[in-house]
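Have a look at the structure below before the remarks.
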Amino acid sequence: MRAVQITRFGGPEVLDVVDLPEPEPGDGQKLYDVSTAGINFADTHQIENSYLSAQTLPLTPGAEFVGTPSGGGQRVVGLLDGGGYAEKVVAHDFLTWAVPDGVTDEQALAVVLQGATAWHLLRTSAHLVAGETVVVIAGAGGVGSLAIQLARRWGAGRVIATASSPEKRALTEELGADVSVDPALADDDPTGFTAALREANGGRPVDVVLEMTGGHVFDGSLAALAPFGRLVTYGMASRTPPQPVNPTSLMATSRAVIGFWLAHCMRRPEMMDAALGELLPLVAEGALRPVIGGRYPLTAVREAHQDLRARRTTGKLVLDPTR
Numbered sequence: 001m002r003a004v005q006i007t008r009f010g011g012p013e014v015l016d017v018v019d020l021p022e023p024e025p026g027d028g029q030k031l032y033d034v035s036t037a038g039i040n041f042a043d044t045h046q047i048e049n050s051y052l053s054a055q056t057l058p059l060t061p062g063a064e065f066v067g068t069p070s071g072g073g074q075r076v077v078g079l080l081d082g083g084g085y086a087e088k089v090v091a092h093d094f095l096t097w098a099v100p101d102g103v104t105d106e107q108a109l110a111v112v113l114q115g116a117t118a119w120h121l122l123r124t125s126a127h128l129v130a131g132e133t134v135v136v137i138a139g140a141g142g143v144g145s146l147a148i149q150l151a152r153r154w155g156a157g158r159v160i161a162t163a164s165s166p167e168k169r170a171l172t173e174e175l176g177a178d179v180s181v182d183p184a185l186a187d188d189d190p191t192g193f194t195a196a197l198r199e200a201n202g203g204r205p206v207d208v209v210l211e212m213t214g215g216h217v218f219d220g221s222l223a224a225l226a227p228f229g230r231l232v233t234y235g236m237a238s239r240t241p242p243q244p245v246n247p248t249s250l251m252a253t254s255r256a257v258i259g260f261w262l263a264h265c266m267r268r269p270e271m272m273d274a275a276l277g278e279l280l281p282l283v284a285e286g287a288l289r290p291v292i293g294g295r296y297p298l299t300a301v302r303e304a305h306q307d308l309r310a311r312r313t314t315g316k317l318v319l320d321p322t323r
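In case it helps, the UniProt record's numbering puts the sequence shown at residues 1 to 323.
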């Protein structure tokens, strides 16, 4: 079968399309023919070995797929430990979900990992309360675009999004953000970003920030929190760590910093079932709009990663393993 494999760590240049043996299912697993594979920003960390868990070579990236059991059957969307950038994958039964009629492969992939992340960021980690102000960093991205809609649906009093271009900021407002902010305000000094977030909230501090950039964006977001505000960190797209957080300052301001990694939910299948059981029907009903960023041939996987890292994309990116 055709698959993407890396034999050395690095950037998009290490992604090679090769022929590999078909994977063999173990206990509680099935072999699937992949119709579409999902791309996530975490994959760019995985191939350079800067992800939360250490990687071993050789490896095939990819944590999600849509496909059907080899030999036929129900179309499913599923999560993987790796190996998704391929024509065939093996997946555990408890990490696959039936795709409703009317939901496209791309839409299903948009919600299985990024949508579940947005769901748990707001529900499980931030414990969003109706009326609170929510800041969504990278609001035009796969997680952010869904988090904006879910925060609005679940009663946020005000939703503030950040995005790196006028077009992306316009998209966040179309999705339900009340106002959008340019994250470049944090490039040199986090205090300017703090001021911009508070200004976007009518001069008041904010209650919840969903943050995945790191660096000055994290620093400025934390300073913008109100007492009992929560910053949930789930990425470091800038590859720049923020300033260390002083526990004394958290006590003095009654603020919280909460980490989130969806892998821990995958180890508790009921947590994934709760998220997907709500998200997939919302997409089928047209009540939740996944933003689809582009479909790339498997042979253009390097281009997909380049576009993602350069912030040239919005929403969900996918690979077509048949091309």
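Positions of the beta carbon are idealized from the N, C-alpha and C atoms, including for glycine. What you are looking at is a predicted structure, and each value in this text was computed from that prediction instead of being measured.
For the alpha helix (DSSP H) assignment, the uninterrupted runs of no fewer than 4 residues enclosed by the region 211-269 are, from N- to C-terminal side, 215-223, 247-253, 263-266. Nearest to Asp189 by C-alpha distance, out of Pro25, His216, Ala196, is His216.
Under a 10 Å Cβ-count criterion, His120 is classified as buried, with 16 or more other Cβ atoms of the shown protein chains found around its own Cβ. In this structure, the alpha-carbon of Arg2 lies about 19 Å from that of Arg8. Only buried fits Gly315, as 16 or more other CB atoms lie within 10 angstroms of its CB. Cβ neighbours of Asp93 within its own chain (closer than 6 Å, five residues either side excluded): Gly28.
Counting C-beta atoms within 10 angstroms of its own C-beta, Leu175 has 16 or more neighbours from the protein chains shown and is therefore classed as buried.
A residue is called buried when at least 16 other Cβ atoms come within 10 angstroms of its Cβ; Glu24 does not meet this threshold and is exposed. Counting along the chain, Glu64 sits inside the beta strand (DSSP E) bounded by residues 64-69. Burial state of Arg255 is buried, judged by a 10 Å Cβ sphere holding 16 or more other Cβ atoms. At a cut-off of 3 residues, the continuous stretches assigned as beta strand (DSSP E) that sit fully inside the region 90-161 are 96-98, 133-136.
In this structure Pro61 is in contact with Gly82, their Cβ atoms being roughly 7 Å apart against a cut-off of 8 Å.
The region 154-162 makes contact with the region 136-146, as at least three CB pairs between them are under 8 Å. Separation of Arg323 and Arg295 (C-alpha to C-alpha, rounded to the nearest whole angstrom) is 11 Å. If the five residues before and after Asn40 are omitted, its C-beta is found closer than 8 Å to the C-beta atoms of Ala63, Glu64, Leu113, Gln114, Gly142, all from its own chain and listed in chain order.
For the region 10-49, the continuous alpha helix (DSSP H) assignments of 4+ residues that do not extend past its boundaries occur at 41-47, in sequence order. Spanning the alpha carbons of Thr313 and Leu250 requires a straight line of approximately 35 Å. Note on Val129: under 16 other CB atoms within 10 angstroms of its CB, so exposed under the neighbour-count rule. Just so you know, the alpha carbons of Ser221 and Arg204 end up roughly 13 Å apart. Taking Ser125 as reference, the option from Gly38, Leu15, Leu262, Thr253 with the minimal CA-CA separation is Leu262. Looking at the backbone, the Cα of Phe260 and that of Gly71 are separated by about 37 Å. Going by C-alpha positions, Ala163 is about 18 Å away from Gln306. With 16 or more other CB atoms across the displayed protein chains lying within 10 angstroms of its CB, Tyr234 is buried.
When DSSP states are grouped into helix, strand and coil, Arg204 belongs to the coil group. Proximity to Thr36 across Gln107, Glu173, Ile47, Ala237 peaks at Gln107, based on C-alpha coordinates.
Boundaries of the beta strand (DSSP E) harbouring Val76: 76-79, taken from the DSSP string. Judged by DSSP in its simplified three-state form, Arg312 adopts coil rather than helix or strand.
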